[in-house]
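Residue numbers (this note's numbering): 1 to 592.
We put the beta carbon where it would ideally sit given N, CA and C, even for glycine.
Computed from a predicted structure; not experimentally measured.
Each remark here refers to the structure printed beneath this line.
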DNA sequence: CTAGGGTTAG
């Protein structure tokens, strides 16, 4: 009879562990009650963890509250439950509650609560826990000690971390790895390697940690050396090296490694895609995504979709972007916030503002980036007024703007010619939100003044602002000088631009356009000579255009492209449309 | 009931 009961208990526990939905869990829960297990602490703990895994912390808490006198292990289970759902404040509050009941924490309590402190940077609480650990004699527990090492090294308190590490009575491979990782996050790769060589035991996690450390300081040689020497590599080892090459700009090494990999998971594919994305190879991002779908072994995840959409955005590939949108829906990412943000950006950058707004409106969960993407998208595509309206909507929704939000707002004002509003938003940014203006914000103000034709005020602003002007700012001014045919400030801007980049012929072309516009042909000729002296020719203008769902590069006066007829037909159509809307394109006065 | 390792967008 007793063994029968035991068997039933085991059966229920395995059922609880296999619960995939809350509905399923409810069914198993009724089994628990029907078989008289609702007062078994052991079983109730398993139910609580199952709730936690299904993100149902409220249910878990209810069950916990029904336990008459919860033991330490019950409390620990509840900590874990909140920890699993990233409710770190809740973990700490619950721990204090437990202490107020005079329940003594054990060696299982400290690691979880400390981890929560690490996650939310609660160093003060972490230090208090450290005191408690020492007082209650858990300093010798290797799980507790390791987590304390992690706590201090996470806040760059490497000496404190090392002291705890040294005082640990026994240091296993996990403790060594955490300590090595601590030195790596302090950028002390030498100390990290010294510990690595000193460690009595090496395993695959420790080696991967060390390899990642080398890549983070850009030492690809030592990273690769260590990787080649590893006797047992796991998939993560390969992915670490793949990502290392990707982040250090070696696309070729990244490609070569990818082809050599014995197996690939989603991180491998994302590594290669990220390698292309970080190094501006956007067309390859798209072909790799296609290849991944064709091989059909792993499904794209959130990161894949975000990177691919961002590549579409950079290419202005609307048709492809729409197709990725369909892929995202098909893979269950319609409600995903980050994917939503990438979709907004893709649609906005491709000029499909209605679609961008549709996606934005359909998002149940929006974050700061969603608002910023929408506001900046509107502002830079001629919808400055909508951008400003979106900003008030954002404030009403209780979202706090950051410095990027204000770049959108200020550039919106610049495009609309709202000079006074621009200045009052700048003031609000400083006074109401305590955001210190960056060079980009000042750049927006210069643009704001210059576009409004207030060139003297723009130059005066540049002189008086607290930051040193950058090349972007002078180029902005130069562009407006052409519009308003102001030679004086154009010459000043060129002079400054040449200091930044003496070899860039584009700047000379800009000024020569000003001379040409107002008929100062002698100055134009003098400038031609100066340009030639730089020894550089202006590269032909290059554009990206989507033809039959393929993004192609083509240069100005390009005759080589197989689809050139179609491209020029589309351009004719575009020119006609833009004339219709009152925009009269002019032929540029080019040098040579 | 506990501790160490990855990608993504403005």
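I need the DSSP call for residue i, collapsed to helix, strand or coil.
{"i": "residue 324", "result": "helix"}
{"i": "residue 280", "result": "coil"}
{"i": "residue 523", "result": "helix"}
{"i": "residue 19", "result": "coil"}
{"i": "residue 157", "result": "coil"}
{"i": "residue 310", "result": "helix"}
{"i": "residue 303", "result": "helix"}
{"i": "residue 101", "result": "coil"}
{"i": "residue 263", "result": "coil"}
{"i": "residue 394", "result": "helix"}
{"i": "residue 54", "result": "coil"}
{"i": "residue 138", "result": "coil"}
{"i": "residue 67", "result": "coil"}
{"i": "residue 72", "result": "helix"}
{"i": "residue 333", "result": "coil"}
{"i": "residue 418", "result": "coil"}
{"i": "residue 502", "result": "coil"}
{"i": "residue 593", "result": "With the chain represented from 1 up to 592, any question about residue 593 goes unanswered, as that position is not in the structure."}
{"i": "residue 186", "result": "coil"}
{"i": "residue 401", "result": "coil"}
{"i": "residue 567", "result": "Interpretation of residue 567 is limited by its pLDDT of 45, a score under 50 that renders its predicted location unreliable; the figure taken from the coordinates is listed afterwards. If DSSP states are grouped into helix, strand and coil, residue 567 belongs with the helices."}
{"i": "residue 411", "result": "helix"}
{"i": "residue 194", "result": "helix"}
{"i": "residue 78", "result": "helix"}
{"i": "residue 604", "result": "Only positions 1 to 592 of the chain appear in this structure, which leaves residue 604 out of reach."}
{"i": "residue 290", "result": "helix"}
{"i": "residue 381", "result": "coil"}
{"i": "residue 118", "result": "helix"}
{"i": "residue 11", "result": "helix"}
{"i": "residue 203", "result": "coil"}
{"i": "residue 87", "result": "coil"}
{"i": "residue 341", "result": "helix"}
{"i": "residue 365", "result": "coil"}
{"i": "residue 6", "result": "helix"}
{"i": "residue 228", "result": "helix"}
{"i": "residue 295", "result": "helix"}
For a quick check, are the C-beta atoms of residue i and residue j less than 8 Å apart?
{"i": "residue 101", "j": "residue 78", "result": "no"}
{"i": "residue 487", "j": "residue 518", "result": "yes"}
{"i": "residue 451", "j": "residue 414", "result": "yes"}
{"i": "residue 235", "j": "residue 254", "result": "no"}
{"i": "residue 239", "j": "residue 267", "result": "yes"}
{"i": "residue 473", "j": "residue 443", "result": "yes"}
{"i": "residue 449", "j": "residue 457", "result": "yes"}
{"i": "residue 180", "j": "residue 210", "result": "yes"}
{"i": "residue 328", "j": "residue 339", "result": "yes"}
{"i": "residue 321", "j": "residue 347", "result": "yes"}
{"i": "residue 514", "j": "residue 477", "result": "no"}
{"i": "residue 270", "j": "residue 313", "result": "no"}
{"i": "residue 404", "j": "residue 372", "result": "yes"}
{"i": "residue 142", "j": "residue 170", "result": "yes"}
{"i": "residue 387", "j": "residue 369", "result": "no"}
{"i": "residue 117", "j": "residue 92", "result": "yes"}
{"i": "residue 7", "j": "residue 28", "result": "no"}
{"i": "residue 274", "j": "residue 307", "result": "yes"}
{"i": "residue 90", "j": "residue 71", "result": "no"}
{"i": "residue 510", "j": "residue 479", "result": "yes"}
{"i": "residue 155", "j": "residue 198", "result": "no"}
{"i": "residue 460", "j": "residue 435", "result": "no"}
Less than 7 Å between the CB of residue i and some heavy atom of the ligand FMN, yes or no?
{"i": "residue 396", "result": "In terms of ligand content, the structure shown is empty, and the ligand FMN therefore cannot be addressed."}
Check your understanding: Would the segment 209-219 and the segment 250-259 be scored as touching if the rule is three or more Cβ pairs under 8 Å?
Key -> no
Practice item. Examine the Cβ distances between the segment 481-488 and the segment 497-506 and report whether three or more of them are shorter than 8 Å. Key: no
Practice item. Starting from the N-terminal side, write out each stretch of the alpha helix (DSSP H) that is 4 residues or longer and does not extend beyond the segment 421-495. Key: 439-451, 455-464 and 471-483
Review point. Counting Cβ pairs closer than 8 Å, one from the segment 146-154 and one from the segment 170-185, do we hit at least three?
Key: yes
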